[in-house]
Structures are given as structure tokens and as C-alpha cells.
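Residue numbers (the working numbering): 92 to 727.
Structural data, given as C-alpha cells:
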């Protein structure tokens with residue numbers, strides 16, 4: 092009996108102790124110049140005392156053990172300590188007051204400085220700034236209800252090591268804002284690759300979209316989620332197992348230096364579907380010989396562009412690196428003691444699980460040792476390992492409606508913030524027409540959650556991507572950009588235009604500095620009060636007809652319009668009532684652009700940069716910010 096009573100007392104005392112959410116922790120940055128919430132859990136009717144910045148605040152927990160203390164508005168500064176007392180005492184250290192930005196969306200927001208480390212080595216080496224900090228929200232989803240906390244997460248200050256975990260876009264934004272205003276900047280990085288807008292909307296708000304709501308209800312109790320995840324895991328695992336068990340290249344050690352005289356040849360970079368092998372899936376092994384006159388340094392690096400889908404790389408039979416999916420750049424460093432003077436050999440096992448496998452075009456393929464750079468492009472030998480049926484498409488439950496909101500946004504609701512940075516849209520290009528209502532709903536949803544009707548919401552328009560086209564075409568990417576442009580009608584929003592920073596062959600362009608900087612320009616103007624700052628490239632404003640010409644007016648022209656490259660404006664197209672677009676002659680006339688085509692006597696429609704990748708788009712303002720792609724129709 093005494094043991095039972097003791098156990099009850101131990102449980103009661105454990106429950107009585109203050110528990111804080113992950114956000115409320117050492118190193119946190121609290122929002123300046125507004126009331127901020129500190130909250131947590133303890134026993135029902137427990138007395139809570141909080142000491143901060145020479146003042147004491149008190150409350151009593153509710154029947155469910157929840158408590159919340161609101162601190163008054165305070166200026167930027169720190170570091171401070173905070174002490175919380177109940178049956179236990181917690182002291183939080185190194186707290187700053189500054190501006191907190193929630194940075195959300197999909198992979199281009201999630202993309203870390205680790206992926207950018209070879210492009211931004213100088214920035215990373217100098218990233219010693221305790222006033223820029225990130226809280227990385229764990230990638231999780233949950234359908235049953237809104238979560239109240241995260242399973243992990245901590246505030247980390249920027250230094251050359253930790254900054255590798257920071258979102259690249261968010262870090263460069265924070266760096267620009269900090270250098271301008273010298274106030275602490277907190278980044279809450281809550282983003283997930285591949286995520287569509289509907290995954291970031293609450294259950295109540297997704298009801299506005301009946302199809303998404305019904306899809307959400309299928310997953311709400313968790314049973315279907317578990318079933319699908321288990322099935323997807325098994326299918327993927329079985330596919331990988333069969334591949335490895337039947338691949339003669341593994342059994343016969345093709346990674347070693349073997350006789351490959353009977354192997355066929357293929358030009359790299361390229362896709363084997365375009366050659367004799369045809370469009371098959373499975374494993375294909377590649378080999379390339381190269382010659383070194385002298386080994387110059389202890390470290391070497393092999394760069395293999397990007398490979399679809401997975402690869403394992405060997406140099407002279409020694410394993411040097413692997414990547415399991417298609418998107419990251421293949422850059423593998425290794426000890427140069429495995430290199431030899433004279434002939435050397437690279438072996439790459441490439442796995443294609445669906446679609447076209449191979450080496451992505453227009454990327455660097457080279458080996459670097461000291462000041463030696465060996466070009467690896469050209470003829471490689473190859474041999475089929477094993478031919479497989481395509482890996483069945485996966486469901487990706489984590490991307491279903493509401494799940495990311497419940498797990499990655501709802502736990503933030505009590506935490507005061509300055510604004511939101513949003514970079515998402517690639518996953519929504521299949522249905523561009525619904526993007527505007529989704530974003531209107533998402534923005535209203537988040538503003539209601541944070542109880543900030545005017546919460547600044549700054550977003551990024553899609554970059555240029557995929558192959559260029561010689562004639563005007565329809566484009567879901569262009570249609571999505573138009574929806575993003577239309578989102579500017581929502582008050583207190585702003586858009587960073589990045590139609591010039593993309594890469595035709597990479598959905599994850601490496602230039603994240605300009606994205607962060609252009610977001611910072613919008614923040615400086617819209618949020619920090621620099622009203623005269625030119626923060627955007629030209630935005631289409633109005634259209635009128637003059638005979639066979641269309642006269643276009645723009646906002647955000649700064650000190651004037653300009654042709655950035657070449658001698659004439661490109662990527663303008665016009666159409667008559669038949670809707671058939673042709674390239675237009677476009678000229679700048681003061682603060683306007685006049686477009687025409689002699690073959691169209693009654694033009695009613697105009698498009699600019701209306702393509703997946705409008706590579707020749709060259710309308711800018713004189714502050715060197717690009718014009719937004721757009722479509723305008725006089726007949727509507």
C-alpha cells in the first residue's frame with residue numbers, strides 16, 4: 092500500500108512541474124514592440140511565477156493544466172534571462188528581443204545552406220552572428236487534431252557550422268535585414284519539400300474546398316495513413332531489395348577495375364532513354380578513365396552534376412559517395428591517396444526508379460585535385476545491371492490537406508511574430524486556377540491564428556524552369572505565376588519576382604541570395620517603413636488599345652524602365668479574339684510599353700514572359716529588378 096501511495100505522489104509531483112513548449116527555450120528570440128506570450132503546462136491550479144527583465148509576472152494554471160503569461164511590449168535588445176517557478180524552477184538563458192519571421196513553403200524555402208556551401212563559401216565562413224538565429228521545425232504531419240508542441244527543435248545562432256542547417260532563403264533575408272537595422276532576427280523555419288498549399292491550411296478553413304476536405308477526412312483517424320505508409324514502405328523496400336539481389340554489378344564487383352572491353356558507350360551528360368538502351372528502369376553502371384600527371388593535394392573532389400535518380404560513386408574501386416534521390420548536386424570529397432599518377436577510373440552505379448534515368452544536362456562534371464581540373468564530360472562506357480519495372484507511384488500522405496498545418500503551424504500560434512515569408516507553388520502547378528483562392532484562404536487562416544489582421548505576408552513568385560520554347564505556348568507555370576501576381580490584391584502582401592534566377596534544368600536553383608535579398612527589399616518597404624524604396628520590378632497595372640497597338644502601364648517602375656540585355660524587348664506576345672498568340676514588337680515609351688504585330692489588326696490580349704522558362708525576358712526597372720510575368724485581356 093505504501094508503494095502505491097508513493098507512486099501516486101511521484102506521478103503527481105512530476106505532473107506538477109512546469110513543462111514548456113520547444114519554442115520557449117534557451118536562445119529564443121522574442122518579438123519586440125508587441126505583447127508576447129509565454130506559456131506551458133503544469134498541474135491544475137498550480138501557481139506560476141515568471142521573472143523577466145527586472146519584473147515579476149504571476150498566474151494560476153487552468154483545470155487542464157495550461158497556463159499563459161503575457162509580457163508587455165519591449166524594445167529590441169538582450170541577452171536576458173527568464174526564470175519560471177512552480178514546484179520546480181526553470182531558468183532560460185541568452186534570450187533576445189528582435190523580429191521573428193515564420194519562413195514556410197516547400198523545398199526552395201527548406202533548401203539549406205548545406206546544399207549551397209560551394210556557391211556561398213565566403214558567406215558561410217563569415218556567418219558568425221549570435222543575433223541571427225533559427226528554430227527548425229521538425230518535418231512532421233498529423234491529421235487527427237492540431238498539435239500543441241513539436242517533437243524537437245531548438246534555437247541556434249548562426250556560425251560557420253550551424254548556418255549549414257539554416258534555410259538559404261531565410262538566412263540571406265535575415266542577413267540583409269540585420270545589416271540594415273542591427274536588430275536580432277529570428278527565423279522559424281517551418282517548410283517541407285513537395286508540399287502543396289492545401290497541406291498548410293487548417294481543417295476549418297479547408298472546408299471551403301470540398302474535394303480537399305473530403306480527402307482530408309479519409310486520413311483524419313490515422314488508419315488509412317498508417318496503411319498507406321506501411322504499403323509504400325514495403326513496396327519501396329521490396330523494389331530496392333530485388334534490385335540489389337539481382338544486380339550482377341554488385342555480385343561481380345563492377346565497381347572494381349575490371350575488364351570492360353565489352354561495355355557499350357554513351358555520351359555523358361545525357362539520358363540512356365535517348366540511346367540504344369532505351370527507356371528502362373533499374374540499374375546501369377558507368378565507367379570513365381582519366382589521367383593524372385601528378386597528385387597535388389591531400390583532398391580531391393568529384394562533381395557529377397545531378398543524376399536521376401540515385402547513384403553510388405567509386406574512384407579506382409574505392410567508394411566516395413552516394414545520393415538517394417535526384418535533386419541534390421553530386422559533389423563528393425575524398426582523400427586523394429586513392430588516386431594514382433597515370434590512369435584512373437571512375438565508376439558510377441545509377442539507379443532509375445521511374446522516368447528517364449541518367450546524367451542531367453548543362454551541369455558541371457569534373458574532378459578537381461589542387462589546381463588540376465579534369466573534365467569528365469564526353470564518352471563513358473556503360474553496362475546494364477538489371478532491368479526493373481518502374482517503382483509504383485507513392486501516395487505521399489504527408490502532403491495531404493491539413494496535415495502540415497496541424498503539425499508544423501498550429502504549435503506556433505501563441506508565439507508573436509513580425510511576419511511570414513512564403514516560397515511555394517511548384518507543387519501547385521497541376522491546378523493553377525485554384526491557387527489564388529487557396530492562398531487567400533491560407534493567408535486569412537494564418538492571420539486569424541496569430542490574431543493579426545494585418546500580418547505581413549511576403550511571398551516568392553516561381554522562378555524560370557524547364558526548357559525554353561521558340562514560339563508562344565501555354566504554360567501551367569506561367570498560369571501559376573499569374574495567380575501569384577493576383578494574390579497581391581490581398582492587403583499587406585508583397586511578392587519577390589525571381590524570373591531571372593532560375594535554372595532550366597533544376598527545380599532547385601542555387602541562387603538563394605537574390606531571393607532572400609528581394610524579399611528583404613519588400614520587407615524594408617512594406618514592414619519597416621522605407622516607403623520610397625524601390626522594392627519590386629515593374630508590375631503590370633493597366634492596358635488600353637490604340638489602333639493595332641496595345642499600350643501597357645506599370646507600377647514599380649522606379650527611376651524608369653529599361654531593356655536589361657540586348658537591344659529590344661523580348662517575350663511579349665499578343666493575340667486577337669481568336670486567342671492565338673504571336674510574338675510582338677515591344678518598345679519602351681517613357682513609363683509605358685507599346686506592343687504590336689502587323690499581322691494582328693485588332694489585338695485584345697497580351698502576355699509577357701508567359702512560359703515555363705522565359706529565358707529572354709528582359710524588361711526591368713533601372714534599379715535592375717525584373718518585371719513580373721503577366722497576362723492581360725481587354726475583352727474581359
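C-beta: ideal position from N, C-alpha, C; glycine also.
- Short of 6 Å from the beta carbon of residue 635, and not among the five residues preceding or following it, lie these beta carbons of its own chain, in chain order: 642.
- The closest CA to that of residue 287, considering only 680, 305, 513, is found on 513.
- Boundaries of the alpha helix (DSSP H) harbouring residue 259: 259-272, taken from the DSSP string.
- By the Cβ rule, the segment 313-323 does not count as touching the segment 520-532, because fewer than three pairs are nearer than 8 Å.
- Put simply, of 711, 166, 168, 493 the residue whose alpha carbon is nearest the alpha carbon of residue 657 is 711.
- Residue 551 places its beta carbon less than 8 Å from that of residue 587.
- Counting only the Cα atoms, residue 584 lies some 11 Å from residue 575.
- Between residue 122 and residue 144, the CB-CB gap reaches or exceeds 8 Å.
- Taking the Cα of residue 478 as reference, the smallest distance to any Cα among 442, 682, 198 is reached at 442.
- Collapsing the DSSP output to three states places residue 345 in coil.
- By the criterion of at least three beta-carbon pairs nearer than 8 Å, the segment 186-197 is in contact with the segment 277-293.
- Taking 8 Å as the cut-off, the beta carbon of residue 382 is found closer than this to the beta carbon of residue 433.
- Between residue 527 and residue 289, the beta carbon gap of about 13 Å keeps them out of contact (Cβ cut-off 8 Å).
- Between residue 195 and residue 372, the alpha-carbon positions lie close to 35 Å from each other.
- Per the DSSP secondary-structure output, residue 463 pairs in a beta bridge with 460.
- Residue 532: member of the alpha helix (DSSP H) spanning 526-540, first to last residue.
- Taking C-beta separations shorter than 8 Å and ignoring five residues to either side along the sequence, the partners of residue 650 in its chain run 625, 712, 713, 714, following chain order.
- Setting aside the 5 residues that flank it on each side, residue 666 is surrounded in the same chain by 672, 696, each with a C-beta closer than 6 Å to its C-beta; the list follows chain order.
- Under the 8 Å Cβ criterion, the segment 247-262 does not count as touching the segment 333-340, having fewer than three qualifying pairs.
- Take residue 417, set aside five residues on each side of it, and the residues of its chain with a beta-carbon closer than 6 Å to its own are 399, 400, in chain order.
- In this structure the segment 489-507 does not touch the segment 166-183; the number of beta carbon pairs closer than 8 Å is below three.
- Distances from the CA of residue 620 to each of 669, 366, 271, 436 were compared; the closest alpha carbon is that of 271.
- Residue 646 holds the alpha-carbon nearest to the alpha-carbon of residue 683 among 662, 646, 668, 134.
- Unbroken beta strand (DSSP E) runs of no fewer than 3 residues, entirely contained in the segment 570-631, are found at 584-587, following chain order.
- Scanning the segment 353-417 for uninterrupted beta strand (DSSP E) segments of 3 residues or longer gives 355-359, 372-383, 390-395, 401-406, 409-414, listed from N- to C-terminal end.
- Its Cα nearest to that of residue 376, the residue 440 stands out among 440, 352, 565.
- Residue nearest to residue 664 within the set 674, 118, 216 is 674 (criterion: CA-CA distance).
- Between the alpha carbons of residue 329 and residue 357 lies a gap of roughly 30 Å.
- By DSSP's assignment, residue 225 forms a beta bridge with 247, 278.
- Relative to residue 223, the option among 150, 473, 249, 566 whose CA is nearest is 249.
- Looking from the CA of residue 662, the closest CA among 668, 669, 654 belongs to 654.
- Residue 688 is classed as buried because its beta carbon has at least 16 other beta carbons within 10 Å across all chains shown.
- Annotation: the segment 439-524 contains the following complete segments of the beta strand (DSSP E) (minimum length 3 residues), in chain order: 456-460, 463-466, 469-479, 510-514.
- In its chain, beyond the 5 residues on either side, 249 have a beta carbon closer than 6 Å to the beta carbon of residue 220.
- For the 8 Å CB-CB criterion, residue 415 and residue 285 do not form a contact.
- For residue 340, the three-state secondary structure derived from DSSP is helix.
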